[in-house]
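In what follows, a structure is listed as structure tokens, so that the remarks can point back to it.
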Amino acid sequence: MSDGNLSAALEREHQEIDAGIGDFLDKLDAGSVDAEALRATLAALRRHIYMEEQLLFPPISKGAQMMSVFGMIRGHGEIWRTADALDRLVGGPGDSADPDTLREVCQRLVALLVDHNKVEEPVIYPAADTGLAPEQAAELAGFLEAGRMPEGWVCAKATV
1 MSDGNLSAAL
11 EREHQEIDAG
21 IGDFLDKLDA
31 GSVDAEALRA
41 TLAALRRHIY
51 MEEQLLFPPI
61 SKGAQMMSVF
71 GMIRGHGEIW
81 RTADALDRLV
91 GGPGDSADPD
101 TLREVCQRLV
111 ALLVDHNKVE
121 EPVIYPAADT
131 GLAPEQAAEL
141 AGFLEAGRMP
151 EGWVCAKATV
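For what it's worth, UniProt numbering labels the leading residue of the sequence shown as 1, then goes sequentially.
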């Protein structure tokens with residue numbers, strides 16, 4: 001992946017996460033709770049947050065992006081807590097919360113992601129293409145392709 005494609009790859013991950021949540025909501029509307037698919041989507045969301053907070057934000061947060069990055073980190077905390085709430089609600093097999101509660105929390109997560117992404121994509125992501133040293137861009141590209149979040153990692157603002 002060339003450096004010029006990092007912002008596009010980051011946006012693609014947003015689209016995949018959004019689609020996963022949308023698919024869960026569609027199945028929920030049809031009377032089915034696909035807990036495994038939702039958990040996989042939430043894991044992808046958490047991995048994405050890890051990548052941003054550990055690889056993208058540190059090198060770009062020193063200059064003009066500092067306040068924007070701070071806002072993104074704060075938003076990650078709210079997104080993380082909402083994802084945790086969904087994890088608790090889907091429970092184990094046959095142990096999910098009622099569909100209305102699941103739908104409400106999923107819709108809250110969707111709203112948080114929409115608000116977050118409409119700032120992150122045009123303001124933060126261009127710096128992935130222009131503001132990273134070559135080795136930082138290569139590290140981010142490598143993580144996008146095959147990186148894994150360390151077990152037990154939580155985002156900086158996961159707790160209030």
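Don't be surprised by glycine CBs; every beta carbon is placed ideally from N, CA and C. As the structure is a computational prediction, the values presented were derived from the model and not from experiment.
C-alpha distance - residue i paired with residue j, whole-angstrom precision
i           : j    : result
L42         : T130 : 29 angstroms
D27         : E36  : The sequence shown places Lys at residue 27, not Asp. Looking at the two C-alpha atoms, the distance is approximately 12 angstroms.
A30         : A141 : 38 angstroms
P150        : L45  : 14 angstroms
L56         : V123 : 13 angstroms
D98         : H14  : 27 angstroms
G20         : H76  : 18 angstroms
residue 194 : K62  : With the chain running from 1 to 160 in the structure shown, residue 194 is simply not present.
Residue i, buried or exposed, once every other Cβ within 10 Å from all chains shown has been counted against 16
i    : result
E120 : buried
S2   : Below a pLDDT of 50, predicted positions are generally treated as unreliable, and S2, at 46, falls in that range; the measurement from the model is reported next regardless. Exposed is the call here.
W153 : exposed
R148 : exposed
E53  : buried
Integer Cβ distance of residue i from residue j, believed to fall under 8 angstroms
i           : j    : result
K157        : I73  : 6 angstroms
A127        : Q65  : 6 angstroms
residue 165 : L102 : Any answer about residue 165 is impossible in this case: the structure gives the chain only from 1 up to 160.
Nearest neighbour of residue i, chosen from the options [CA to CA]
i   : options                  : result
G71 : F24, Q15 and H116        : H116
G22 : A111, N5 and K62         : A111
R39 : A127, V114, E145 and G91 : G91
E11 : L144, H76 and D98        : L144
Counting Cβ pairs, one atom from each stretch, are 3 or more of them under 8 angstroms apart for the segment 81 to 100 and the segment 130 to 139? no
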